[in-house]
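In my numbering, the protein residues as written are 1 to 1155.
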């Protein structure tokens, strides 16, 4: 694929936010003031919000919900609620917003803005200037209810809907309290050719200083209402009661508009637009604007308008313009038809968000052929990824998913040609595979995907839709293409056939993420789920051999993931296992490592419970001030897009995994947080986005829809096996909830001593129910009025009633219970190593328990309490107890946090942060061991060893993430310009820690170590002397993919043979010498990931930060030597200085100097 095409994909895929070529076309500055906003309102996620940890903890909601409408009261933004015209190929977007003003976009034009006013004599004002404005958004329709003291007694409703079949909108005005002589004045104007107008006018992104230079990103320019300067060069043509507006004389497309009420229609001059009466009387000049005046009926009146985009040379009017009232009715009817899923819950904000997501998902799908887009505003491009299909499945648009599958499967590569081996791309710094690699060979889908592996998620979603339908046409498309895909994935990502697959930029936030050839969870989970589907398709086709082969491979993958990546002592999946080096498993996993195995069905319930708990204690959970919570995806620092960004789709995916595991309340908190933060706290009412990214971004909207339907309401069909799994995970506090979709309906309600479920299926199937019960006894379970066979299974904090039915289309399940009990919430306990602890179950006696990590010593159960002592296992642990609550089993979850403050204090004494000012010093001369110059650390060619697989790697410069070659990021210049300032003039430098080191040379100043062939793996410095402590000056590189694992170690070998080790673990006690891609360690944003205090450092020069670390030595024992050895791939770490504090005299040893 040409480089320019790849860059375009990288720009729109989310990893390149800066777009200077587009910024030049940014919107003009406003011409009118913003209406007064609330005074001292709490922070909210404003347009262009950049990464900001504080915002999440202090934010407030901008909107609320009533029924299925999202409501704002006297909000201040213009253009902040897009309404999408369909089909998307028309490129039409109507920008509505908090204020009653509309702007019409269709690439490459802004066609103009619409404003209206009611005037009484000379009094009146534009509707968007009214003092009382209530906005109501529902599934593509915006309604404003407005009134103002200037027109006492007059109330106005405005309703706007986008058109179908053309870019445009229809608008209805309904007014009451009118007097004789009242007039309606309306205006439309301000056309301009601007290029990719969806990107430029995206209300979530506008204001981001990396995209549009509109000033302080916390106070973006949002008043983009009537701006007379935008009318310069426009042409307005009046044809009776119709006008045509062109951006300029040669414009290829035109806006055509009409009202259903005859009146005066003229060309006015926009310089007079500050007041409607003035505009209506202004003669046309240099700033032409269409302006109409209508005499209103006394009492009540209704007026319709339609504005549609047409070819400038068209000889006939667009069909929508003929009848504005009919255009409005058609628009309303269409929006009603796409609101395919309705939910009714105790949380109206969820109900309204579900209505809103229907419009976003509908608008993200092209027609003829069906093809899903990456987003609706910014990123509105054809793209195979990411999770941009599953929401259509949840909403029942299976024909669209099938069409999308056929469209992309048709482009799949059927022949390798000469693409049989891995081949990194030297033009991309050897970070990713080149065009002649196996990666681009047989099985690859090249259409709309560029350098990414988006097809693993594509097939994952297509398979799920097939399980929802068992559609034979879909199966005919999917089976051969899935076989090719699985062959491709195995050849590219598991060439050693060990069952672990490397993940190759295969998820949305994998920009700047790489595993250097190591097997990981993500691709393994996708392959596992794919092989299970291929097995079922083969079985249905009567191909027993293929079915057995796929079953065997799936089992192999599951075993490999469990045996290698499951960390028994920590209770979660690791990130990846090193392909080379020391073959270690990296434990600093991200959310994908935990929720994907659950989603693909690879885990036991116990594994799922522990893995999801990891995301609570190891990753940063943020409790939102308005309810719910979100989760940071990783601890990887320093930050660079997208290694540590909260994505709404990921929060929903984590919530889905909780629901699937039966953790309904935990899942709800995450789903609520994702919903409120995006759809109610952001600038876009009902918008689905994440901080800094596009409005109605498809990965967010689709995952939200899937999580609600499949997670919260528990619908998980497997029609190829004639079975539907129903595992509702409704929050324990809800007494009722219901959902209606094209595929099923479910109604849940509590009535006295009954839990009742009513299920209807669009297509009959057997149903496997898992229904939570919170009670002491189940008296009876009935299915459609008759007693049913059922079983009780211990669930987490509840009992699961299990029953399985024969094929049916409707089922009414009634569970008669005795003595309701509350949900057994997880009990969090903390204590120190060695302390006694009581694990008490508030309901029910403990029957047995499982201490997964042996956190308890001498544990015993006594009724409802487990007694024990906290073992020498600092960290986070789960003890899972089975309890008997009346006659029913439950599982009680105890979450333990074991601390060891004494051990931590003892360890801290070994590594003092500062030396006494009166200490004596012996500074070792390391010149004989120096092998390099720190200034050239990123000027090498790091070519070997590199994985000979289709892998994502660090750049050949030893610095670059794979994205840097696309962004133009290069290694920084490094110098030692501060050494002179640190020097005492006698050959030593003095650090802020009061530690002197021998001054190193300008060109030979460091003893590098690395697993790269460029440098030795280790360097040993003889000492042969005792001392109170050894102080070390260390400098080198590390990266976000090497966090919380020993990148290197210092070994201290004594004369008696004993060896002590100091591990260098970023970011705890080792930081890279310089910012990475312009980003550095940042306590404001990433304090959760960082140590309480930064490691002791000294700045040797520009981009040259060195660690000043210490190690208390054993008293009265000679230190024979010390060794620095690098352990992690990618990194280069060197020793620049060693100084012995209060050294003991010695007759021999290396050359040294007393300070």
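Backbone N, C-alpha and C define an ideal beta-carbon position, used for all residues, glycine too.
Can you check whether the CB of residue j is closer than 9 angstroms to the CB of residue i?
i: residue 708; j: residue 677; result: no
i: residue 1156; j: residue 650; result: This structure cannot settle anything about residue 1156, because the visible part of the chain is limited to 1 through 1155.
i: residue 1005; j: residue 976; result: yes
i: residue 79; j: residue 224; result: yes
i: residue 840; j: residue 808; result: no
i: residue 1030; j: residue 921; result: no
i: residue 1048; j: residue 954; result: no
i: residue 228; j: residue 263; result: no
i: residue 1119; j: residue 1055; result: yes
i: residue 590; j: residue 633; result: yes
i: residue 659; j: residue 667; result: yes
i: residue 267; j: residue 242; result: no
i: residue 65; j: residue 83; result: no
Can you tell me where the alpha helix (DSSP H) holding residue i begins and where it ends?
i: residue 488; result: 472 to 493
i: residue 668; result: 664 to 675
i: residue 981; result: 979 to 982
i: residue 415; result: Run containing residue 415: none; DSSP gives neither H nor E here.
i: residue 351; result: 348 to 363
i: residue 197; result: 197 to 200
i: residue 617; result: 605 to 617
By the DSSP assignment, the beta strand (DSSP E) with residue i in it spans what residues?
i: residue 716; result: 715 to 718
i: residue 1111; result: 1104 to 1112
i: residue 49; result: First-last for residue 49: undefined, no H or E at that position.
i: residue 168; result: 168 to 178
i: residue 750; result: 744 to 751
i: residue 1100; result: 1097 to 1101
i: residue 468; result: Premise fails: residue 468 lies in the alpha helix (DSSP H), 455 to 469, not in any beta strand (DSSP E).
i: residue 895; result: 888 to 899
Just the Cα atoms here: how many angstroms apart are residue i and residue j?
i: residue 1139; j: residue 862; result: 58 angstroms
i: residue 853; j: residue 829; result: 15 angstroms
i: residue 196; j: residue 107; result: 6 angstroms
i: residue 72; j: residue 126; result: 19 angstroms
i: residue 702; j: residue 741; result: 15 angstroms
i: residue 1019; j: residue 432; result: 32 angstroms
i: residue 27; j: residue 465; result: Reliability fails at residue 27, whose pLDDT of 35 lies under 50, so the model's placement of it is uncertain and no value is given.
i: residue 306; j: residue 555; result: 59 angstroms
i: residue 29; j: residue 1080; result: Model confidence at residue 29 stands at a pLDDT of 33, short of 50, so the residue's coordinates are unreliable and nothing is read from them.
i: residue 1123; j: residue 866; result: 47 angstroms
i: residue 74; j: residue 134; result: 6 angstroms
i: residue 469; j: residue 365; result: 20 angstroms
i: residue 143; j: residue 136; result: 5 angstroms
i: residue 19; j: residue 341; result: In this predicted model, residue 19 has a pLDDT of only 31, less than 50, meaning its place in the structure is not dependable; the value taken from the coordinates is given anyway. Going by the C-alpha atoms only, they are around 37 angstroms apart.
i: residue 870; j: residue 860; result: 13 angstroms
i: residue 119; j: residue 207; result: 35 angstroms
i: residue 321; j: residue 274; result: 28 angstroms
Note down, in chain order, each residue of its chain lying with its Cβ closer than 6 angstroms to the Cβ of residue i, except the 5 sequence neighbours on either side.
i: residue 394; result: 705, 706, 709
i: residue 971; result: 938, 957, 959
i: residue 173; result: 158, 303
Looking only at its own chain, which residues have a Cβ that is under 8 angstroms from the Cβ of residue i, when we skip the five neighbours before and after it?
i: residue 609; result: 661, 663, 796, 878, 880, 893
i: residue 944; result: 1012, 1013
Looking only at its own chain, which residues have a Cβ that is under 7 angstroms from the Cβ of residue i, when we skip the five neighbours before and after it?
i: residue 605; result: 661
i: residue 453; result: 504, 505, 506
i: residue 488; result: 442, 443, 444
i: residue 1129; result: 516, 578, 580, 581, 1011
Thinking residue i and residue j are a contact (beta carbons under 8 angstroms), I'd like their distance in whole angstroms, please.
i: residue 436; j: residue 384; result: 21 angstroms between Cβ atoms; not a contact.
i: residue 996; j: residue 923; result: 6 angstroms
i: residue 98; j: residue 76; result: 6 angstroms
i: residue 692; j: residue 58; result: No, residue 692 and residue 58 are not in contact; Cβ-Cβ is about 18 angstroms, not under 8 angstroms.
Checking contacts by CB at 9 angstroms: is residue i closer than that to chain D?
i: residue 1056; result: In summary, chain D is missing from the structure at hand, where a single protein chain is found.
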